[in-house]
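In our numbering, the protein residues as written are 944 to 1264.
Beneath this line is the structure, given in structure tokens, with notes to follow.
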């Protein structure tokens, strides 16, 4: 739990460092380990139904990385590619069992009309926060506008008119400051462009092409896809927040101590940072190996001596025993 990590980190450092600084070290350590491996609990399966008449689709903000895909009805695997095969010199049609990752977008739905954007939070906050939007306008390739929400504000509207995707549209939407509710961004027609969850600062949506006009249309039963994905990284914010894999709590603690030591100015700081880093990696490795051992022991049960005996040729009862 974050409360325990913060308390232990303050005790270990012997200083009354401000919470924001310690939280930065903790989340930096957590993010490094999260990106390094697929921690237990970080992979999820979910089925999505795609409209056969639509070529490009966006996945929800919580899908961080796609690991595997298959069709629900037939269990047929779906292969992920980049877009390069589309530009071969020979005639090319997108194969049926393939998806192509186009990129990542800040919004899940294109702007329906060139307009100002409205940013709304359903619950008034007791502390100020801000929302920053970077994107294309009719008169500029890219501008940045920040909307400042004072305590009690629930909606702000941009001064700039943001353009449709041509080709970039809205490139970035991010929030600064903690909030207790999700934020919605809409255009002049009321179309919801994206949601900024209160658990992350900047949403990103994976855009995939799952068919094209030359591939024909697919039956509705073939449009349900099961996706194995890695959840987007969620930083720790509140004292009650728990690591996705609590066994690495001590590794996070030592990694954060290493970050703190690396910024100190005394002559022993460098050595302390290296030792803390080594300790953290050792604890992390032990936690992962312990988890892997649990699964391996279940899978590797005692072999059946009669299984596939025919493939081993002549065998005696003495050998079996």
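From the three backbone atoms N, C-alpha and C, an ideal C-beta is built for every residue, glycine too.
Alpha carbon of residue 1062 to alpha carbon of residue 1048, nearest angstrom:
18 angstroms
Assign residue 1056 to one of three DSSP states: helix, strand, or coil.
Assignment of residue 1056 by DSSP, reduced to helix, strand and coil, places it in the coil class.
Would you kindly check if the distance between the Cβ of residue 1173 and the Cβ of residue 1007 is under 8 angstroms?
yes
Please state the DSSP three-state secondary structure of residue 1136.
strand
Rounded Cβ spacing between residue 1046 and residue 1079 (contact assumed at less than 8 angstroms)
Actually they do not touch by this definition, with Cβ atoms about 15 angstroms apart.
May I have the straight-line CA-CA distance separating residue 1098 from residue 967, to the nearest angstrom?
29 angstroms
Within its chain, find whatever has a CB closer than 7 angstroms to the CB of residue 1134; leave out the 5 residues flanking it on each side and keep chain order.
1052 and 1055
Endpoints, alpha helix (DSSP H) assigned at residue 950:
945-956
Look at the alpha carbon of residue 1154 and the alpha carbon of residue 1042, and state the distance between them as a whole number of angstroms.
7 angstroms
Decide if residue 1129 is buried, meaning its Cβ has at least 16 other Cβ atoms within 10 Å, or exposed.
buried
Could you tell me how far apart the beta carbons of residue 1023 and residue 1044 are, in whole angstroms, since I believe they sit closer than 8 angstroms?
Confirmed, Cβ separation roughly 6 angstroms.
CA-CA distance, residue 980 and residue 1207?
Straight-line spacing of the CA atoms in residue 980 and residue 1207 works out to 29 angstroms.
Straight-line gap, residue 952 to residue 1222 (C-alpha atoms, nearest Å):
15 angstroms
Skipping 5 residues on each side, what residues in its chain have a beta carbon closer than 7 angstroms to that of residue 1227?
976, 1191 and 1194
Going by DSSP in three states, residue 1130 sits in which element: helix, strand or coil?
coil
Secondary structure of residue 990, DSSP reduced to three states
Annotated three-state conformation of residue 990 is strand, per DSSP.
Closer than 7 angstroms by C-beta to residue 1120: which residues in its own chain qualify, once you throw out the five before and the five after it? Chain order, please.
1070, 1071, 1072 and 1073
Could you spell out where the beta strand (DSSP E) holding residue 1169 opens and where it closes?
1167-1174
Output the boundary residues of the alpha helix (DSSP H) element that contains residue 1198.
1192-1206
Between the alpha carbons of residue 1161 and residue 1202, how many angstroms are there, rounded?
Only weak support is given to the placement of residue 1161: the predicted model assigns it a pLDDT of 48, under 50, and the value that follows is read from those uncertain coordinates. The straight-line gap from Cα to Cα measures roughly 52 angstroms.
Do residue 944 and residue 1169 have their C-beta atoms within less than 8 angstroms of each other?
no
Return the CA-CA distance between residue 950 and residue 962, expressed in angstroms with no decimal places.
10 angstroms
Let me check understanding here. Comparing Cα to Cα, which of 1095, 1093, 1152 and 1084 lies closest to residue 1104?
1084
Pick from 1094, 1093, 1087 and 1114: whose alpha carbon is nearest that of residue 1102?
1087
Assign residue 1147 to buried or exposed, taking buried as 16 or more other Cβ atoms, counted over all protein chains shown, within 10 Å of its Cβ.
buried
Euclidean distance between Cα positions of residue 1213 and residue 973:
21 angstroms
Mapping DSSP to helix, strand and coil, what is residue 1104?
coil
For residue 1058, which residues in the same chain have their Cβ closer than 8 angstroms to its Cβ, ignoring the five residues on either side in sequence?
1104, 1105, 1130, 1131 and 1132
So what's residue 1064 in DSSP terms, helix, strand or just coil?
Look at residue 1064 here: in three-state DSSP terms it is coil, with no helix or strand label.
Rounding to the nearest angstrom, what Cα-Cα distance links residue 1180 and residue 1141 in this structure?
10 angstroms
Endpoints, alpha helix (DSSP H) assigned at residue 973
962-979
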